[in-house]
Amino acid sequence: MALLEVKNLGISFGGLRAVDGFNVNIEKGALYGLIGPNGAGKTTVFNMLTGVYQPTVGSFSLDGENLTGKSTLEIAHKGIARTFQNIRLFGKMTVQDNVKVGLHNHVKYGLASGIFRLPGYFRDEKYLDERAKELLDVFGLYGERDYLASNLPYGKQRKLEIARALATGPKLLLLDEPAAGMNPNETGELMETIHFVRDTFDMTILLIEHDMKLVSGICEEITVLNFGQMLAQGKPSEVLNDPKVIVAYLGE
Amino acid sequence: MEFLAQIINGLSLGSIYALIALGYTMVYGICKMLNFAHGDIIMVGAYTLSVAMSTLHFPPFLSILTSMVVCAMLGVIIERVAYKPLRNASPLAVLITAIGVSYFLESSALLIFGSTQRNVQSAISFPSVQLGELNISGNAIMTLIVTIILMIGLNWFINNTMTGKAMLAVSEDKGAAQLMGVNVNFTIAITFLIGSALAAVAGVLFISSYHFVGPYTGAMPGIKAFVAAVLGGIGSVPGAMLGGILLGLIESLAKAYISTQLADAIVFGVLIVVLLVKPTGLLGKKITEKV
Numbered sequence: 087m088a089l090l091e092v093k094n095l096g097i098s099f100g101g102l103r104a105v106d107g108f109n110v111n112i113e114k115g116a117l118y119g120l121i122g123p124n125g126a127g128k129t130t131v132f133n134m135l136t137g138v139y140q141p142t143v144g145s146f147s148l149d150g151e152n153l154t155g156k157s158t159l160e161i162a163h164k165g166i167a168r169t170f171q172n173i174r175l176f177g178k179m180t181v182q183d184n185v186k187v188g189l190h191n192h193v194k195y196g197l198a199s200g201i202f203r204l205p206g207y208f209r210d211e212k213y214l215d216e217r218a219k220e221l222l223d224v225f226g227l228y229g230e231r232d233y234l235a236s237n238l239p240y241g242k243q244r245k246l247e248i249a250r251a252l253a254t255g256p257k258l259l260l261l262d263e264p265a266a267g268m269n270p271n272e273t274g275e276l277m278e279t280i281h282f283v284r285d286t287f288d289m290t291i292l293l294i295e296h297d298m299k300l301v302s303g304i305c306e307e308i309t310v311l312n313f314g315q316m317l318a319q320g321k322p323s324e325v326l327n328d329p330k331v332i333v334a335y336l337g338e
Numbered sequence: 215m216e217f218l219a220q221i222i223n224g225l226s227l228g229s230i231y232a233l234i235a236l237g238y239t240m241v242y243g244i245c246k247m248l249n250f251a252h253g254d255i256i257m258v259g260a261y262t263l264s265v266a267m268s269t270l271h272f273p274p275f276l277s278i279l280t281s282m283v284v285c286a287m288l289g290v291i292i293e294r295v296a297y298k299p300l301r302n303a304s305p306l307a308v309l310i311t312a313i314g315v316s317y318f319l320e321s322s323a324l325l326i327f328g329s330t331q332r333n334v335q336s337a338i339s340f341p342s343v344q345l346g347e348l349n350i351s352g353n354a355i356m357t358l359i360v361t362i363i364l365m366i367g368l369n370w371f372i373n374n375t376m377t378g379k380a381m382l383a384v385s386e387d388k389g390a391a392q393l394m395g396v397n398v399n400f401t402i403a404i405t406f407l408i409g410s411a412l413a414a415v416a417g418v419l420f421i422s423s424y425h426f427v428g429p430y431t432g433a434m435p436g437i438k439a440f441v442a443a444v445l446g447g448i449g450s451v452p453g454a455m456l457g458g459i460l461l462g463l464i465e466s467l468a469k470a471y472i473s474t475q476l477a478d479a480i481v482f483g484v485l486i487v488v489l490l491v492k493p494t495g496l497l498g499k500k501i502t503e504k505v
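Chains A and B are the protein sequences, given in the same order.
Each residue of the first sequence is one higher than the one before, counting from 87 in our numbering.
Each residue of the second sequence is one higher than the one before, counting from 215 in our numbering.
See the structure below:
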């Protein structure tokens, strides 16, 4: 059974069918790409998978559990985490605190032990600090842990967003254009990071991307969306040579 | 000597404003709304204290606790019933609702307790301290100490606990916080709970200096605290503390050395001048839009 099963997912905004008949099965540990021209509905798919939008038709399930119609919060707790096309870090908080917000689910101490500094508070704080250090080390950000997130250079903000998403302990990680605005060097480094994350955390990753070098370089399978419809699905080498896909990107 | 006494009066009055201003600024930071019903929470706190002490004959400490619990619950209920359904509505709709809630609380108090002001014995009273020829009210000192402790505690709570970090995260980006697994509804409820409990303390401290409560007792301190929050930079917790203390100092010095009648005009005048020079308030951050 696939980790993520999406069946016939669709959403309408008024009379506009933004996404229609979206089907995909993603196996555990896969690196899956979702591509398509601007406005094809890729981010809309992400928004449905994270409960930001409620799909009009269809369903999706994670690890066999149907998550259609669940709230953003429930879906986050069930194990889908994401990053954003336009970075949405907590800019006024430190790098370390951003990761700690992601770790929010993992602590049990209540308000009372926080206020009165009961032993549980110190135990959990220690655990949080250690987990945050582990994650920041992976992305080479531990040295900058006390910086405000908004003061990090762009490439590192992207990395921090991935670290924060991983902190929630997801089963499935959604990356929305992780290489947007990066130079070729940074993109190359990002590809290594994504590979590394998949291998180290045994993570399943679904990513949206425009950079074809990145997509063909790391994705094992891709789906192409165009005007909300699925155009092609399969291995990158086959899909990217499909005449229909070339027409969608470049025109006749 | 007289000057020193006025400073201490000002600090104690200012710390009451600061406690109320914290509620305004925390709620604004998280929900981007001005909760104009917040001042009336003080009135509810003061009435609760009076009922607990003189009708139910609770001991002082228990009465204060009751007052805090009642206000905290009231704050959470007001948010659930009146503000939560409007969370995605226009800010104007929420503002008008808040004014409505304020009138609702005042009218309910009028209905239950009548229009005459009630004399309330103070839950806490400390003997005055004699320093040379200077006679300092013990209650003023106590007010100052309680406020300082609460402010340090609140600052620590916000910056060091997970609930506090969740509050900071929600105030910056509700959507992203929710996607990271932060329970936004719970976090907002906690904010109202803490803000209202602090307002209850302000009510108790107010009573210990003024010994009376009426249905409109909360209105003026509420407005002044709002001014304090704006003066300090609304949304900023240290700003609310600074704004409150400054406002109290200005008010009592103006009363002592300029004119009692003009004191309020001077207080609001200072606000106008500060906002002309620094529109974001004293500790408010300048927002630069990225284009």
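Each residue gets a CB set at the ideal place from its N, CA and C atoms; glycine is no exception.
C-beta neighbour in chain B for residue i, strict 8 Å
i	result
Met-289 (chain A)	no
Met-268 (chain A)	no
Thr-279 (chain A)	no
Lys-219 (chain A)	no
Asp-99 (chain A)	The sequence as given places Phe at residue 99 (chain A); Asp does not occur at that position. Chain B, which has no Cβ nearer than 8 Å to the Cβ of Phe-99 (chain A), makes this no.
Val-131 (chain A)	no
Gly-188 (chain A)	yes
Arg-168 (chain A)	yes
Phe-108 (chain A)	no
Arg-231 (chain A)	no
Leu-159 (chain A)	yes
Thr-154 (chain A)	no
Thr-53 (chain A)	This structure cannot speak to residue 53 (chain A), because chain A is shown only from 87 to 338.
Thr-136 (chain A)	yes
Partner residues on chain A for residue i, Cβ-Cβ distance less than 9 Å
i	result
Leu-497 (chain B)	Here the premise fails: no neighbours, minimum Cβ distance about 13 Å.
Any chain A beta carbon closer than 8 Å to residue i
i	result
Gln-581 (chain B)	In the structure as shown, chain B starts at 215 and stops at 505, and residue 581 (chain B) therefore has no counterpart that could be examined.
Asn-302 (chain B)	no
Residue j beta carbon less than 8 Å from that of residue i
i	j	result
Gln-182 (chain A)	Asp-232 (chain A)	yes
Met-267 (chain B)	Gln-335 (chain B)	yes
Ala-390 (chain B)	Val-398 (chain B)	no
Phe-371 (chain B)	Gly-352 (chain B)	no
Glu-306 (chain A)	Ala-167 (chain A)	no
Ile-362 (chain B)	Val-343 (chain B)	no
Ala-260 (chain B)	Val-427 (chain B)	yes
Ala-443 (chain B)	Ala-433 (chain B)	no
Val-110 (chain A)	Val-138 (chain A)	no
Lys-438 (chain B)	Val-487 (chain B)	no
Ala-286 (chain B)	Ala-411 (chain B)	yes
Endpoints, the beta strand (DSSP E) within which residue i is located
i	result
Gln-344 (chain B)	343-345
Asn-312 (chain A)	307-312
Asn-94 (chain A)	90-99
Tyr-118 (chain A)	117-121
Ser-147 (chain A)	143-148
Phe-108 (chain A)	102-112
Gln-315 (chain A)	315-320
Asn-349 (chain B)	348-350
Leu-489 (chain B)	Segment 477-491 is the alpha helix (DSSP H) holding Leu-489 (chain B); no beta strand (DSSP E) there.
Ile-291 (chain A)	290-294
Range of the contiguous alpha helix (DSSP H) that encloses residue i
i	result
Asp-285 (chain A)	270-287
Met-381 (chain B)	376-386
Met-401 (chain B)	The question names Met, but residue 401 (chain B) in the sequence shown is Thr. Note, Thr-401 (chain B): alpha helix (DSSP H), 398-424.
Thr-239 (chain B)	216-245
Val-301 (chain A)	298-304
Ile-248 (chain A)	240-253
Asn-133 (chain A)	128-135
Thr-311 (chain B)	305-327
Thr-280 (chain B)	274-292
Thr-262 (chain B)	252-264
Thr-158 (chain A)	158-164
Partner residues on chain B for residue i, Cβ-Cβ distance less than 9 Å
i	result
Ala-162 (chain A)	Gln-392, Leu-393, Met-394, Gly-395, Val-396
Met-179 (chain A)	Lys-379, Leu-382, Ala-383, Glu-386
Neighbouring residues, chain B, relative to residue i (Cβ below 7 Å)
i	result
Asp-149 (chain A)	Ordered by position in chain B, no residue passes the 7 Å Cβ test against Asp-149 (chain A), which lies about 17 Å from the chain.
Arg-284 (chain A)	Those do not exist, as Arg-284 (chain A) stays about 20 Å from chain B at its closest Cβ, beyond 7 Å.
Arg-174 (chain A)	Asp-387, Ala-390
Chain E within 8 Å of residue i, Cβ atoms only
i	result
Asp-183 (chain A)	Structure shown: chain E not included; protein chains present are A and B.
Cβ-heavy atom distance, residue i to the ligand SAH, below 7 Å
i	result
Gly-267 (chain A)	Among the components of this structure there are no ligands whatsoever, and the ligand SAH is therefore not found.
Using a beta-carbon distance cut-off of less than 7 Å, what residues from the region 358-384 of chain B approach chain A?
Cβ contacts with chain A: Phe-371, Thr-375, Met-376, Thr-377, Lys-379, Ala-380, Leu-382, Ala-383.
Residues of the region 384-415 of chain B in Cβ contact with chain A at a cutoff of 8 Å, in chain order, please.
Glu-386, Asp-387, Gly-389, Ala-390, Ala-391, Gln-392, Leu-393, Met-394, Gly-395, Val-396, Asn-397, Val-398, Ile-404
What are the residues in the region 299-323 of chain A lying within 7 Å of chain B by C-beta distance?
none
In chain order, what residues of the region 238-258 of chain A put their CB closer than 7 Å to some CB of chain B?
Arg-250, Thr-254
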